[in-house]
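Below is one structure; the comments refer to it alone.
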Amino acid sequence: MWYLSCTDWRIRDGKPEHRYHIKYAESPDGISWEREGIVAIDYSDETEYAISRPSVIRDKDCWKMWYSFRGPSYRIGYAESHDGRQWQRLDAECDINVSKFGWDSEMIEYPFVFDHAGDRYMLYNGNGYGKTGFGLAVLEQGL
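Counting from 19, one number per residue, gives the positions in the sequence shown under this note's numbering.
Put into structure tokens, the structure is as follows:
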């Protein structure tokens with residue numbers, strides 16, 4: 019299981035601000051969980067403070083994860099792993115970004131990735147954490 023883990027709180031602009039990243043745990047039965055403190059996706063720098071909503075798929079060659087990360091505003095990140103525990107962030111390879119205008123022009127976050135009928139889809143929220151809409155993206159093969 020990959021889960022959000024709060025690491026600390028800071029004061030920013032006079033208000034408390036959480037910091038959380040994604041950790042990994044295992045369970046033999048889905049009830050009792052072994053948490054060893056393994057960080058799956060960590061902060062890229064000090065300006066990043068919220069990494070959440072992991073969506074993980076096992077492909078033939080590796081594990082793939084899409085997640086939200088936040089600095090000035092939310093974006094969708096991407097990582098790969100050969101064992102599901104240690105991940106390499108490849109955010110630049112996540113070829114989805116905010117639009118020039120409209121419901122997802124300020125932020126995109128909370129991806130849910132799934133395969134259906136041979137295609138890969140991503141549901142995600144737009145501006146205001148989805149207040150003005152959510153999107154459905156389709157991976158274009160061969161890019």
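Backbone N, C-alpha and C fix where the C-beta goes; we use that ideal spot for every residue, glycine too.
Does DSSP put residue i in a helix, a strand or coil?
| i | result |
| --- | --- |
| residue 109 | helix |
| residue 55 | strand |
| residue 157 | coil |
| residue 48 | coil |
| residue 114 | coil |
| residue 63 | coil |
| residue 119 | coil |
| residue 138 | strand |
| residue 37 | strand |
Using only the alpha-carbon positions, how far apart do residue i and residue j sit?
| i | j | result |
| --- | --- | --- |
| residue 37 | residue 90 | 13 angstroms |
| residue 67 | residue 34 | 12 angstroms |
| residue 51 | residue 19 | 9 angstroms |
| residue 41 | residue 107 | 14 angstroms |
| residue 145 | residue 70 | 16 angstroms |
| residue 137 | residue 150 | 26 angstroms |
| residue 44 | residue 98 | 18 angstroms |
| residue 161 | residue 111 | Caution applies to residue 161, whose pLDDT of 42 falls short of 50 and renders its modelled position unreliable; the value that the coordinates give is listed next. Each residue's alpha carbon lies about 11 angstroms from the other. |
| residue 23 | residue 39 | 6 angstroms |
| residue 130 | residue 31 | 32 angstroms |
| residue 55 | residue 103 | 11 angstroms |
| residue 21 | residue 115 | 24 angstroms |
| residue 119 | residue 147 | 16 angstroms |
| residue 84 | residue 158 | 16 angstroms |
| residue 154 | residue 109 | 19 angstroms |
Contact check, residue i vs residue j under 8 angstroms by CB: the rounded distance?
| i | j | result |
| --- | --- | --- |
| residue 127 | residue 94 | 7 angstroms |
| residue 132 | residue 139 | 6 angstroms |
Starting from residue i, trace the alpha helix (DSSP H) in both directions and tell me its first and last residue.
| i | result |
| --- | --- |
| residue 146 | 145-148 |
First and last residue of the beta strand (DSSP E) that includes residue i?
| i | result |
| --- | --- |
| residue 83 | 81-88 |
| residue 124 | Counting along the chain, residue 124 falls outside any beta strand (DSSP E), and DSSP gives it neither H nor E. |
| residue 73 | 68-76 |
| residue 92 | 92-99 |
| residue 23 | 20-30 |
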